[in-house]
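Below: the structure, in C-alpha cells.
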Amino acid sequence: MSLLAIDDLVVEHRSPGRPVVRAVAGASLTVAPGEVVGLVGESGCGKSTLARAVCGLNPVTNGSITFDGEPVTPLGLRRRKLTGIQMVFQDPYASLNPRRRVGDQIADGLRTARDTTTSPADLLERVGLPREYADRHPHEFSGGQRQRIAIARALAARPRLLIGDEPISALDASAQSQVAALMRDLAVESGAGLLFISHDLSVVRLVADRIAVMYLGRIVEVGATAEVWARPRHPYTRALLRAVPQPDGLGVLPAELPGDVPDPANPPGGCRFHPRCPLVMDVCRDKDPDFGPVACWLHEPK
Amino acid sequence: MTLDITALRVSIGGREILHGVDLRLEAGRVHGLAGESGSGKTMTGLAVLGLLPHGARASGAIRLGDRDLLSLPAKELNRVRGGEVAMVFQDPATSLHPMLTVGRQLTEHMRHHLRLGRAEARARAVDLLAKVRIPAPEEAYGRYPHQFSGGMRQRIAIAIALACSPKVLIADEPTTALDVTVQAGVLRLLRGLCDELGLAVLLVTHDLGVMSAVADEVSVMKDGQVVESGPRGNVLRTPSHPYTRTLLASLPTPPPEPDSPAGPSSGSDAEAR
Numbered sequence: 476m477s478l479l480a481i482d483d484l485v486v487e488h489r490s491p492g493r494p495v496v497r498a499v500a501g502a503s504l505t506v507a508p509g510e511v512v513g514l515v516g517e518s519g520c521g522k523s524t525l526a527r528a529v530c531g532l533n534p535v536t537n538g539s540i541t542f543d544g545e546p547v548t549p550l551g552l553r554r555r556k557l558t559g560i561q562m563v564f565q566d567p568y569a570s571l572n573p574r575r576r577v578g579d580q581i582a583d584g585l586r587t588a589r590d591t592t593t594s595p596a597d598l599l600e601r602v603g604l605p606r607e608y609a610d611r612h613p614h615e616f617s618g619g620q621r622q623r624i625a626i627a628r629a630l631a632a633r634p635r636l637l638i639g640d641e642p643i644s645a646l647d648a649s650a651q652s653q654v655a656a657l658m659r660d661l662a663v664e665s666g667a668g669l670l671f672i673s674h675d676l677s678v679v680r681l682v683a684d685r686i687a688v689m690y691l692g693r694i695v696e697v698g699a700t701a702e703v704w705a706r707p708r709h710p711y712t713r714a715l716l717r718a719v720p721q722p723d724g725l726g727v728l729p730a731e732l733p734g735d736v737p738d739p740a741n742p743p744g745g746c747r748f749h750p751r752c753p754l755v756m757d758v759c760r761d762k763d764p765d766f767g768p769v770a771c772w773l774h775e776p777k
Numbered sequence: 546m547t548l549d550i551t552a553l554r555v556s557i558g559g560r561e562i563l564h565g566v567d568l569r570l571e572a573g574r575v576h577g578l579a580g581e582s583g584s585g586k587t588m589t590g591l592a593v594l595g596l597l598p599h600g601a602r603a604s605g606a607i608r609l610g611d612r613d614l615l616s617l618p619a620k621e622l623n624r625v626r627g628g629e630v631a632m633v634f635q636d637p638a639t640s641l642h643p644m645l646t647v648g649r650q651l652t653e654h655m656r657h658h659l660r661l662g663r664a665e666a667r668a669r670a671v672d673l674l675a676k677v678r679i680p681a682p683e684e685a686y687g688r689y690p691h692q693f694s695g696g697m698r699q700r701i702a703i704a705i706a707l708a709c710s711p712k713v714l715i716a717d718e719p720t721t722a723l724d725v726t727v728q729a730g731v732l733r734l735l736r737g738l739c740d741e742l743g744l745a746v747l748l749v750t751h752d753l754g755v756m757s758a759v760a761d762e763v764s765v766m767k768d769g770q771v772v773e774s775g776p777r778g779n780v781l782r783t784p785s786h787p788y789t790r791t792l793l794a795s796l797p798t799p800p801p802e803p804d805s806p807a808g809p810s811s812g813s814d815a816e817a818r
C-alpha cells in the first residue's frame, strides 16, 4: 500500500488577463513508505507545482492526491491536519526566518508533533551540526548548514513523507551531494517516504530508488533508477541523459536537445514531446500516449 | 593575445587566499579551472578583472600582452575591463539588471569603449543577439531580462560580454544555474565562439563533466594553489596528483551509457536524423 498516491493530477494556474496555464496535466505517481522517488525534468515542467499541490499549497483542479488513504486538502491559514507531510524548500536563505533562533524554529516542528522528549539540539545533531548552534540565528550559517537546519525543522514534525523541492540547487557544488545523501539517510532511517525533486540527474541517481521523468506537466517515464539510467526508453529521457557531459577527458560536447520547452499555456497537440522528438511518428501528432510507465507510442503496452 | 598569470598571491584581511597561482590562457583555447568551493577558483578570475573584494591585496603578475593588470592605474584598467577582458557570471538572473532593457545593457559599454553612435551600437547589438542564437533578435533588443528563460538570459550575458570584442573571456560557472539540456547548448555556444573569434577563455567550474566537454587545458586548484595542470586528456584520464584522483573518484558515476542496447531504436540513429 502506497503512502502517497497521486492520480491523474491536474493543477492550473489562473491569473487575470492571461490564459490558464496547466502546469500539471494529468500526472500519476506513488511513493511507498521508506522509498525515495526522484522527480526530474527541465525547469518549467511542473515539478515544483506538483510538490506544492501534494503539500496542499496549490489548489488541485482535477484528479486526486491521497496520503495514507486520506485526500490531501488545501492548507488552511492557521492550522492544518496534515503534518505528516513536510517540505524542504529550495532556498534556505529565504525559507528560514532571519529573526528567530534556529532552535526556536526547530521547536515549532516538535510542537506540531507533540514531541516533548526531543530537544532542538538533538535534531541539530542528527543533521550533523553541533548542539550549541541552536542559539544562533540563520545568518550565522553557510548555505549548506542552513539547508541542514531546514531539514532538521522538517524532521522535527515527524513526517511520514518528506518532500524536497530542489533542496540542493541553491547550494555550493561540494555541499550538494552531502545534503542530498543526508536527506535520503534521515528519511529512510525514520521510515518516511521521500519525494526528491531536482533537475540535477547525477544527484538524483545517487539518492533515488525510483526515478520519474516529467515533461510539460506529464510524467513520461517511471522506473527503477538503475533501470532508467542504463536503459532509458522515452526519447526525452534519453535526450536528458545524453545532455549530461561526461568527465572522460575526450572533449565530447554534450548532445543538445533542439528547441525550447513549449509554453504550457498552449501545449502542442498529440504527444507533448513530439515537436522536439527525434523519433516522431504520425501517431504522435494526433494522439496523446496517456499510458505508463513509458508514455511513448514506441513503448505502447500490448 | 595571451594572458599570463604568474605567482599570483591574494590576501584578504591578512589571510592569504591564493598562494602563488600560475596560469596561462592562449587565444582560441579554453582553459578550465576546477576545484571545490573555497579553493580560490573564483578569486583567480576576479583578480584578473581587478574585482577583488574590498581590502584585498594582490601580488605577483597578470600580464595581458605587455601590460601588467595588477599595477595598471585605475583609468587604464577600466579600459581593459569590459573592453579587452570580459566576464560571464554564474547566475544570469542576478548578473543582468532587471529594470534595463537587454538592448540598453548591450549597448552601454559598447558606446563607452568603442565610441559607437546610437544606431551603430544598436545594429551591432542585434548582430550579437543573433550570434548567440536568441530568436527574433530585433524584438529581443527591447525586452527586459525577466521575459527570457534562464538559458536565454545566460546567452544574453555572453552577448554582453562579447560586445566589445574582448580578447579574454572569464566565465565563472556559466552553466551551473542551467538545466542540462540548456547547458549543452550554452557549452556548444562557448566552444564555437572561442574557436571562431580566437578568444582566450578561462572556464571556472566545479563540474568535471563540463570541463571534459569544452576545456583544452585543465588546471585543478586546491587551497589556493594549482596542484595539477595540463591537457584535458592527461588530467582527466591519468591524473598525477592525488587530489585530482579524489575529485574524479568522488563523482557519482561510472559514466552513464544511455546508448547501451536498448528499446526498439538505439540512440545513434536518433542522432543521425
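Residue numbers (the working numbering), protein chains in the order written: chain A, 476 to 777; chain B, 546 to 818. We put the CB at the ideal spot given by N, CA and C, even for glycine.
Length of the line joining the Cα atoms of residue i and residue j
i	j	result
proline 801 of chain B	glycine 724 of chain A	The predicted model places proline 801 of chain B with a pLDDT of 44, which falls under 50 and marks its position as unreliable, so this point remains unresolved.
alanine 528 of chain A	glutamate 487 of chain A	10 Å
histidine 564 of chain B	glutamate 773 of chain B	14 Å
serine 805 of chain B	histidine 658 of chain B	Any reading at serine 805 of chain B must be qualified, since the residue scores a pLDDT of 41, below 50, and its modelled position is unreliable; the value itself is stated next. Each residue's Cα considered, the two are about 52 Å apart.
alanine 702 of chain B	proline 680 of chain B	15 Å
alanine 552 of chain B	leucine 591 of chain B	15 Å
alanine 500 of chain A	tyrosine 608 of chain A	44 Å
arginine 663 of chain B	glutamate 621 of chain B	24 Å
cysteine 746 of chain A	isoleucine 686 of chain A	21 Å
glutamine 622 of chain A	glycine 516 of chain A	22 Å
serine 523 of chain A	aspartate 675 of chain A	14 Å
Chain A contact residues for residue i, given Cβ-Cβ distances below 8 Å
i	result
valine 630 of chain B	Result: empty, since nearest Cβ-Cβ is about 25 Å, beyond 8 Å.
alanine 729 of chain B	Ala718, Pro720, Leu728, Pro729, Ala730, Glu731, Leu732
arginine 782 of chain B	Asp723, Gly724
leucine 793 of chain B	Pro722
Beta-carbon neighbours of residue i, restricted to chain A and to distances below 7 Å
i	result
valine 749 of chain B	Those within 7 Å of valine 749 of chain B in chain A number zero; the least Cβ separation is about 11 Å.
arginine 736 of chain B	Leu728
arginine 608 of chain B	Result: empty, since nearest Cβ-Cβ is about 28 Å, beyond 7 Å.
arginine 733 of chain B	Leu728, Glu731
Closest by C-alpha distance to residue i, when choosing among the options
i	options	result
proline 598 of chain B	B/Val749, B/Ala606, B/Gly585	B/Gly585
aspartate 768 of chain B	B/Thr589, B/Asp549, B/Thr646, B/Met756	B/Thr589
glutamate 696 of chain A	A/Val496, A/Leu514, A/Pro491, A/Gly521	A/Leu514
isoleucine 562 of chain B	B/Ser582, B/Glu571, B/Arg574	B/Ser582
glutamine 620 of chain A	A/Gly744, A/Ala770, A/Val496, A/Asp566	A/Asp566
arginine 569 of chain B	B/Val759, B/Met756, B/His786, B/Ala745	B/Ala745
aspartate 492 of chain A	A/Pro776, A/Met756, A/Ala740	It should be pointed out that residue 492 of chain A corresponds to glycine in this sequence rather than to aspartate. Of A/Pro776, A/Met756, A/Ala740, the residue nearest in Cα terms is A/Ala740.
leucine 596 of chain B	B/His576, B/Glu683, B/Glu571, B/Phe634	B/Phe634
proline 634 of chain A	A/Gly767, A/Pro573, A/Leu585, A/Leu550	A/Leu585
arginine 497 of chain A	A/Glu615, A/Pro720, A/His774, A/Val535	A/Val535
lysine 712 of chain B	B/Leu753, B/Val625, B/Ala685	B/Val625
glutamine 699 of chain B	B/Val731, B/Thr726, B/Gly558	B/Val731
leucine 548 of chain B	B/Val593, B/Asp672, B/His786	B/Val593
alanine 683 of chain A	A/Leu532, A/Val506, A/Val769, A/Leu484	A/Val506
glycine 692 of chain A	A/Arg706, A/Phe748, A/Ala662, A/Ala588	A/Phe748
Residue range of the unbroken alpha helix (DSSP H) whose run includes residue i
i	result
asparagine 779 of chain B	777 to 782
asparagine 533 of chain A	Counting along the chain, asparagine 533 of chain A falls outside any alpha helix (DSSP H), and DSSP gives it neither H nor E.
alanine 679 of chain A	The sequence given here has valine at residue 679 of chain A, not alanine. Its alpha helix (DSSP H) spans residues 676 to 682.
leucine 622 of chain B	619 to 625
lysine 586 of chain B	586 to 593
glutamate 683 of chain B	682 to 685
isoleucine 624 of chain A	618 to 631
alanine 588 of chain A	Where alanine 588 of chain A is concerned, there is no enclosing alpha helix (DSSP H), given that its DSSP letter is neither H nor E.
Beta-carbon neighbours of residue i, restricted to chain B and to distances below 7 Å
i	result
phenylalanine 749 of chain A	It is worth fixing the name first, because residue 749 of chain A is histidine in this sequence and not phenylalanine. Those within 7 Å of histidine 749 of chain A in chain B number zero; the least Cβ separation is about 14 Å.
serine 518 of chain A	Gly695, Asp724
leucine 715 of chain A	Val725, Thr726
Boundaries of the beta strand (DSSP E) in which residue i is found, first to last residue
i	result
threonine 505 of chain A	496 to 506
arginine 733 of chain B	First-last for arginine 733 of chain B: 725 to 742, but that is the alpha helix (DSSP H), not the beta strand (DSSP E).
aspartate 640 of chain A	636 to 640
threonine 712 of chain A	No beta strand (DSSP E) contains threonine 712 of chain A, which is instead part of the alpha helix (DSSP H) from 710 to 717.
Partner residues on chain A for residue i, Cβ-Cβ distance less than 9 Å
i	result
glycine 577 of chain B	Neighbours of glycine 577 of chain B on chain A: none; closest Cβ ~11 Å, over 9 Å.
glycine 627 of chain B	Within 9 Å Cβ-Cβ: nothing; glycine 627 of chain B doesn't reach chain A, min ~28 Å.
Contact belief for residue i with residue j at Cβ below 8 Å, rounded distance in angstroms
i	j	result
histidine 691 of chain B	proline 643 of chain B	6 Å
alanine 526 of chain A	aspartate 640 of chain A	5 Å
arginine 790 of chain B	proline 784 of chain B	5 Å
leucine 781 of chain B	valine 763 of chain B	7 Å
valine 602 of chain A	alanine 631 of chain A	At roughly 11 Å, the Cβ-Cβ gap does not stay under 8 Å, so valine 602 of chain A and alanine 631 of chain A are not in contact.
alanine 668 of chain B	methionine 655 of chain B	Alanine 668 of chain B to methionine 655 of chain B, Cβ: 11 Å. No contact.
Cβ-heavy atom distance, residue i to the ligand MN, below 8 Å
i	result
glutamate 487 of chain A	Within the structure as shown, the ligand MN is missing, as the structure has no ligands at all.
Closer than 8 Å at the beta carbon, the chain B residues around residue i
i	result
histidine 674 of chain A	Asp724, Val725
leucine 787 of chain A	Chain A is shown from 476 up to 777; residue 787 of chain A falls before or after that span and cannot be answered.
aspartate 610 of chain A	Correct list: empty, because the minimum Cβ distance to chain B is about 26 Å.
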